[in-house]
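Residue 386, in our numbering, is where the sequence shown stops; the numbers in between run on with no holes. Here a beta-carbon is modelled for each residue, glycine too, at the ideal position from N, C-alpha and C. Remember, it's a predicted structure, so these values are computed and weren't measured experimentally.
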Amino acid sequence: MVGLGLACALKDTGLSVVVIERMEATPRLSLGRDCRVSAIVAGTVEMLRGIGVWEYIGSRAQAIEGMRIFDDQRFGSVRFEAAEADMQELGFLVENSVLSDAMTQVVHDSDSIEYCCPASVDSVVWKASHVELTLADGRLLHTPLVVGADGGNSWLRLQAGIQVWSHRFMQRGIVATVRPQFSHKGVAYQRFLPTGPLAMLPMTDNLCSIVWSADDPEADRLMALDDAAFLNELQLAFGPLLGTLQEVGERAAFPLRSQLAKHMVRPRLALIGDAAHQVHPLAGLGVNLGLRDAMALAQEISDARRFREDHGSMDVLSRMRGNRIPDVLAVMSAMEGFHHLFTSEMPGVPWLRDAGMRAVGNAGTIKQLLMRRATGLSLPLPKQIS
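In structure tokens form, the structure reads like this:
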């Protein structure tokens, strides 16, 4: 998805772009909706509008107008409202398949992008002036720059010999779609349980997407329950805020980890999205980080073309890396910190987080700053790419 975003951002640069996609992803449906969703923050929405993607999403995105965060073990809570930061919404919840379909439509509409799917790379050879890619069908491609956007288990990263720092949380995230009794009113909920956070995220048609993080043994137990028993457990964990949880769709679970590539760029190679970094899904910022990578890289490629630089050179790619690393490290550190803060029961820590949530809830200026940072609006938006 992040690779498609990069292709969309480069469509008006005059460059020839080839997207190699192993296969079109088949969404795993839950109550007719994709199990995998992304919370697209306001700053990312502006980027997607700028590259022509958002117009294909439209009514299929649910506005997030507020957020409520609770500590299950204490009384502390905090509520964020878009209006408090003079915003119409904090962001939108979008099914991953909807976002991918919109990007694919933009790619198909462009004469400068070749979309190869299904296709795969058999071998890659790094030369001083270019990269040679041999596809599974025997086709040979020469390119001054290859971009790895092939996920946390990136094949291209492996071929380049780039290692990663990786931390497994020994937890899994359970995802599913549920139907609540009452209207969610565009509010996202995050409840911190002793076993991990439970997110209830608003979707269109008054459905909700859940992301329930639990230690591996507890996740195994929850996944083994039938729908009625799982709904009962979910109701007990989440509480009565949305009334009775009436229906749950198919569930899926995935391991939670944090990962960072030791090199984001090499001569003629850039890694973006999960191939470069993975963060704990606590705030749903992974796709936003990846799309910011894509836009930063597209900007450097566009500028290099304008000034007749080699856009696969380390001079150009190092600028992209310098732009992105502070943002990536800040988000990764914040997510790790939140995870440990809300799962630790060391003496004094529960009191500290309770007091902190109360303080933030009562401090309007701090709340506004946090909202603008979380929604990406405090970050500079990229210039028009052409």
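Could you check the C-alpha separation between residue i and residue j for me, to the nearest Å?
| i | j | result |
| --- | --- | --- |
| R257 | R172 | 9 Å |
| A401 | Q163 | Here the chain covers residues 1 to 386 and nothing more, so residue 401 does not appear. |
| I64 | A199 | 13 Å |
| A128 | D227 | 57 Å |
| V279 | M335 | 7 Å |
| D293 | M47 | 12 Å |
| E132 | A275 | 20 Å |
| K11 | L236 | 49 Å |
| Q105 | Y56 | 8 Å |
| I69 | L193 | 11 Å |
| G361 | D71 | At G361 the pLDDT is 47, less than 50, meaning the model places this residue with poor confidence; the figure from the coordinates comes in the next sentence. Those two C-alpha atoms are separated by around 13 Å. |
| E114 | T13 | 14 Å |
| L245 | R79 | 22 Å |
| I366 | P281 | Here I366 scores only 42 on pLDDT, less than 50, and its place in the model should not be relied on; the value that follows carries that caveat. Going by the C-alpha atoms only, they are around 23 Å apart. |
| G43 | S30 | 28 Å |
| V211 | V175 | 5 Å |
| D327 | I51 | 21 Å |
| Q159 | V45 | 33 Å |
| V124 | R305 | 24 Å |
| R390 | D86 | The chain is shown only over 1 to 386; residue 390 falls outside these bounds and no answer can be derived. |
| S209 | E84 | 25 Å |
| V187 | Q62 | 10 Å |
| E24 | F238 | 35 Å |
| R126 | V331 | The sequence shown places Trp at residue 126, not Arg. Cα to Cα, W126 sits roughly 32 Å from V331. |
| R266 | D220 | 40 Å |
| D315 | L329 | 22 Å |
| F182 | A229 | 21 Å |
| P240 | L135 | 54 Å |
| R49 | R308 | 28 Å |
What is the DSSP secondary structure of residue i, counted as helix, strand or coil?
| i | result |
| --- | --- |
| S213 | strand |
| D71 | strand |
| P180 | strand |
| D137 | coil |
| M203 | coil |
| R22 | coil |
| Q163 | coil |
| D12 | coil |
| M335 | helix |
| A188 | strand |
| R387 | The chain is shown only over 1 to 386; residue 387 falls outside these bounds and no answer can be derived. |
| L225 | coil |
| L198 | strand |
| L6 | helix |
| D220 | helix |
| L231 | helix |
| L453 | Because the chain here runs from 1 to 386, residue 453 falls outside it and cannot be looked at. |
| L158 | helix |
| L29 | strand |
Apart from the five residues on each side of it in sequence, which residues of its chain come closer than 7 Å, Cβ to Cβ, to residue i?
| i | result |
| --- | --- |
| D216 | M170, Q171 and R172 |
| L225 | E233 |
| A82 | E65, G66, Q88, E89 and L90 |
| S38 | V94, N96, L99, G284 and V287 |
| G5 | M103, L291 and A294 |
| A149 | V2, G3, L6, I272, G273 and A275 |
| H184 | P202, N206, C208 and L242 |
| F254 | R172 and G173 |
| H167 | R257 and S258 |
Please state if the CB of residue j and the CB of residue i are separated by a distance shorter than 8 Å.
| i | j | result |
| --- | --- | --- |
| L93 | L201 | yes |
| Q190 | P180 | no |
| V18 | L141 | yes |
| V178 | V248 | yes |
| W165 | L260 | yes |
| N323 | A296 | yes |
| A9 | V147 | no |
| S112 | L15 | yes |
For residue i, which residues in the same chain have their Cβ closer than 6 Å to its Cβ, ignoring the five residues on either side in sequence?
| i | result |
| --- | --- |
| H263 | I162 |
| V446 | No statement about residue 446 is possible, as the shown extent of the chain runs from 1 to 386 and does not include it. |
Given residue i, which residues of its chain have a CB within under 8 Å of its CB, disregarding the five upstream and five downstream residues?
| i | result |
| --- | --- |
| R319 | E300 |
| I325 | M264 |
| R60 | V94, E95, V98 and T204 |
| P144 | S129, H130, V131, R268, D310, H311 and G312 |
| R28 | D34, C35, R36, E250 and A252 |
| D137 | A119 |
Inset, instruction - Kindly provide the ranges of any alpha helix (DSSP H) runs that are 4 or more residues long and lie completely inside the region 32-115, ordered along the chain. - result: 42-50 and 96-109
Legend entry - beta strand (DSSP E) segments (min. 3 residues) lying fully within the region 245-330: 245-248, 252-261 and 269-271
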